[in-house]
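A short write-up of the structure that comes next.
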Amino acid sequence: EGTLILIGNIEGEPITLLRPALTIMRQQKIIGSASYTKAEYEEAIRIIGENKIKAIYETFELEQINEAYKRMMSRQVFGRAVIKVR
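As structure tokens, then:
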């Protein structure tokens, strides 16, 4: 499960779901917002700056990419898997 929030991508590059069935099966949500107020933007920046939002992820070295994939597919990774390329 998870939520992808797109904010203000009105004129940006198209976003393509490569495997929409996975989005459905995993009960993931995609929410879009065409705009936001200046106050909302400033509040979001403040919250991020105060570390009140914590990204949940596990980091893997590039050499561990196959292991990361296996762990993700078997739902052993809590949050997201991040691959370090440098």
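Going letter by letter, the sequence shown gives residues 26 to 111 in this note's numbering. Note that beta-carbon positions come from the ideal geometry of N, C-alpha and C, so glycine has one too.
Item	Value
Alpha carbon to alpha carbon, what distance is there between A69 and M97?	29 Å
Take I40 as the anchor and find which of M50, G57, I49 has the nearest alpha-carbon.	G57
Alpha carbon to alpha carbon, how far is T84 from L42?	24 Å
Please tell me whether Q53 and G27 are closer than 8 Å, where the distance is taken between their beta carbons.	yes
Going by C-alpha to C-alpha distance, which of P45, A64, I90, Y82 sits closest to V110?	I90
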